[in-house]
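Worksheet: the structure to be examined is printed underneath.
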Amino acid sequence: MARAFLVKHLVTASTARQSKQHLKAQFHRTSALLSGQMSYTEQKAVLRQSVKQELRKLSVEVMTKESQAIAQHIVHSHFFQQAKTVGIYLHCVKLKEVDTTPIVSAAVQAGLGKHCFVPLVEDRHANMRLLHLDSLEGLVAVPPFNIYEPKPSYVTGLPRLDALLMDEPLELLLMPGLAFDRQGHRLGRGGGYYDNFIHKYKQRAEAKGWRPPLLVALAFDAQMVPFVPTARHDVNVDILVTAQELLACSSRGDTVLTAASLA
């Protein structure tokens, strides 16, 4: 199991103790759930059910407070400020995902020189594109969950720039998820959209001689668990951001955050 690097702690001692108590409770819950002879698929299913139950307990106040703290960590981070091309998920209120609205707003702000890309789901077979978003007016709510997606075309009628087709690399990708551990293992909701997109993008990056994007996940405390079951095809994240900390989960993530702390 890869060693996680704690790079920056951003909470008071009392909040830190609360976080440790939550993680301890999750440890006992997860250990009980994943004990026995369950298969990889069964482990994921049981863990998804457990974390969803925890998310249902979250109040609007807690989600708002944690989302605001996470957004502040992101927009003030060196990796976000330096990235010129950024992919950002658009959160779903019903699924209780970390709110990315302030981050998207910062990314499309005039004068920052960033190109922001947001997801457009194409079908139910794990295919999605990341399309360029030039303003928040370019978004539309899509049923059944009313998740915002970009309109396929700009106001000029021209098709939006596609991250998989553009002639420059995507430098940063902010990802959602259902559960995470401190080693950067990520459990999604089962659709496979991000795993599929990252696989496609890594192929393109390799063909172009580009470095793949830095993978950064956003998580509520309730989504943190001691152990996420993984397989070879699962994609780990480089950096995990919670309300309390920025956690490096790979050697690349450690390099990025350590360099930022020394700047």
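Letter by letter, the sequence shown follows residues 1 to 263 in the working numbering. Ideal placement from N, C-alpha and C gives every residue a C-beta, glycine not left out. Keep in mind that this is a model prediction, so the values were computed, not measured.
As assigned by DSSP and simplified to three states, the class of Asp134: coil
Unbroken beta strand (DSSP E) run spanning Met175, endpoints: 172–175
Classification of Tyr148 by the beta-carbon crowding that lies within 10 angstroms, buried from 16 upward: buried
Please go through the same chain and pick out, in chain order, the residues whose beta-carbon is closer than 7 Å to the beta-carbon of Lys200, but skip the five residues on each side of it. Leu164
Closer than 8 Å is the cut-off here; do at least three beta carbon pairs connect the region 192–209 with the region 60–73? no
Tell me whether the beta-carbon of Val155 lies closer than 7 Å to the beta-carbon of Cys116. no
Is there contact between the region 235–245 and the region 198–218, where contact requires at least three CB pairs shorter than 8 Å? yes
I'd like the span of the beta strand (DSSP E) that includes Glu245, first residue to last. 245–248
Measuring alpha carbon to alpha carbon, tell me which residue in Phe227, Ala126, Ala207 is nearest Tyr194. Ala126
Taking all protein chains shown into account, do 16 or more other C-beta atoms lie within 10 angstroms of the C-beta of Ser250, making it buried, or fewer, making it exposed? buried
Mind checking whether Ser67 and Val98 have CB atoms under 7 Å apart? yes
Quick one, which of Ala260, Asp181, Pro119, Phe80 has its alpha-carbon nearest Val51's? Asp181
8 Å CB neighbourhood of Leu139 in its chain, flanking five on each side removed: Leu90, Val118, Leu133, Tyr148, Glu149, Pro150, Lys151
Fully enclosed by the region 168–229, which alpha helix (DSSP H) runs are 4 residues long or longer? 193–208
Measuring only the C-alpha atoms, how far is Pro176 from Lys94? 14 Å
Based on Cα-Cα distance, which residue from Lys57, Arg129, Val121 lies nearest to Asn146? Val121
If you follow the alpha helix (DSSP H) that Ala163 is part of, which residue opens it and which one closes it? Taken as a continuous stretch (DSSP letters only), Ala163 belongs to no alpha helix (DSSP H), as it is neither H nor E.
With distance defined between alpha-carbon atoms, name the residue in Lys208, Val46, Pro144 nearest to Pro169. Lys208
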